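Taken in order, the sequence shown gives residues -22 to -1, 1 to 308; the numbers are from mature numbering (1 follows the signal peptide of the UniProt record, and there is no 0).
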Amino acid sequence: MKLSTAIWLVLFLCVPERLCIARTERSASNSKGEEAFKLLSSIVKEGGRRGLQECENQFKNEIWNCTLNNKEIFRELPIFVKTTLPYVFIHAISSAAITHEITLQCRQGKIPGCSCAVVKKQRRVTDDWQWGGCSDDIRYGEKETRRFIDRLENGNDARTAFNLHNNEVGRKIVRSSVQKECKCHGVTGSCSMKTCWRRLVNFNAIGSKLKEIYFRATQVSFENNKLQERIHKKTRAVSKRERKLVYLESSPDYCLRNVSVGAPGMLGRTCRSDEVSTTKCKSLCNSCKMWHQTQEHYKLVKCKCQFVWCCTVKCEMCSERYSVTTCSRG
């Protein structure tokens, strides 16, 4: 079966000892080119792992809890060609994570020939600050992510369009989340002048933003070689400029156990009130038309901490109550 889902080909068919089997072009004929490609392959894999970890973190208290790292699922790679809503997030978060990881390691000087971005003209923008320092090179991260991920999508079908669109949305979220950081200069810390640069935000913030737009994802069709969305009984092509996630197929019922899609179901699922509100825990069970049982538990946590000169922090141990809600049949 054809596997057009490029992210998973890169992540699971690449091994450190050799070049990626999914490689579609030669980066160079010399040894330096080979080494550079191996390095980037390992960074791509690390970014992919970060994407999955963040997916699990974002959805740990949702009905679909990103249970795609099941060993049985990985043995059946064709599962990743699905175009349902969960795979929208998998594509976007993986593409975003790889972009983020490449950009981060670029700034840290771990990728030969890549370091800081050149901010256009490096000119002073106002009287009290100017561009300087080491800005993160998001363009480089995006370019390399496209080279490793998007160039494997060489078809002209619905799945290819679906993959490419959601990959790009993931990268756009990384780009739009870049923040300005500044360092003050001036006599006795007056901060009369600031030098500023562009910096990546923590990847958890990007995961949260992607989750927000995931819940606003739009179901589309594929017509005339384009993704089309229906608006007021009319269809229009999905704009490539929009940061909108799209899916093609309706999702199965993740309330029920379904091994074929890696869904454990909600029966027996637990939810802790120290991670999310008790109301949220109960609503998950109710959403799947199940009963819930809640038990009180206690744990020891550090409390009443004080700084003791010099130079330690002493704390007491306090008992903290939390509840565990379990979905049941009643």
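Backbone N, C-alpha and C fix where the C-beta goes; we use that ideal spot for every residue, glycine too. Nothing here was measured: the structure is a model prediction, and the numbers come from that model.
query                                                                                                                           : result
Alpha carbon of LEU178 to alpha carbon of LYS88, nearest angstrom                                                               : 16 Å
Per-residue burial, ASP106 [other beta carbons within 10 Å of its own, 16 or more giving buried]                                : exposed
Residues of its chain near GLY185, where Cβ-Cβ distance is below 6 Å and the 5 sequence neighbours each way are ignored         : GLU32 and GLN36
CB of LYS172 within 8 Å of CB of LYS161, strictly                                                                               : yes
Selected residue, minimal CA-CA separation from CYS249, among SER261, VAL239, GLY240 and ALA241                                 : SER261
Cβ neighbours of SER297 in the same chain (closer than 7 Å, five flanking residues each side left out)                          : TYR276 and LEU278
Cut-off 6 Å between Cβ atoms - residues of its own chain near residue 310, not counting five sequence neighbours on either side : The question about residue 310 has no answer here: the residues shown for the chain are numbered -22 through 308.
Other residues of its chain near LYS292: CB distance less than 6 Å, five sequence neighbours each side excluded                 : GLN284 and VAL286
3 or more residues per run - each beta strand (DSSP E) lying fully within the segment 98 to 138                                 : 107 to 109
Where ILE76 falls: helix, strand or coil (DSSP)                                                                                 : helix
GLN83 versus ARG149: straight-line alpha-carbon distance, rounded                                                               : 16 Å
Reduced DSSP category for PHE193 - H, G, I as helix; E, B as strand; rest coil                                                  : coil
Assigned exposure category for VAL22 - 16 Cβ within 10 Å defines buried                                                         : buried
C-alpha gap between ALA(-1) and LEU130, whole angstroms                                                                         : Since pLDDT at ALA(-1) reaches only 43, below the 50 mark, its modelled position is unreliable, and the value read off the structure follows with that caveat. Approximately 7 Å between the Cα atoms of the pair.
Among VAL198, VAL96, ASP114 and GLY29, the one whose alpha carbon lies nearest that of TYR225                                   : VAL198
Nearest candidate by alpha-carbon position, reference LEU306, set MET244, VAL216, ILE116 and THR45                              : Checking the sequence shown, residue 306 turns out to be Ser, not Leu. The candidate whose alpha carbon is nearest that of SER306 is MET244.
Paired residues, beta bridge with MET171 - DSSP                                                                                 : HIS163
Backbone CA spacing between GLU79 and GLU40 [nearest angstrom]                                                                  : 26 Å
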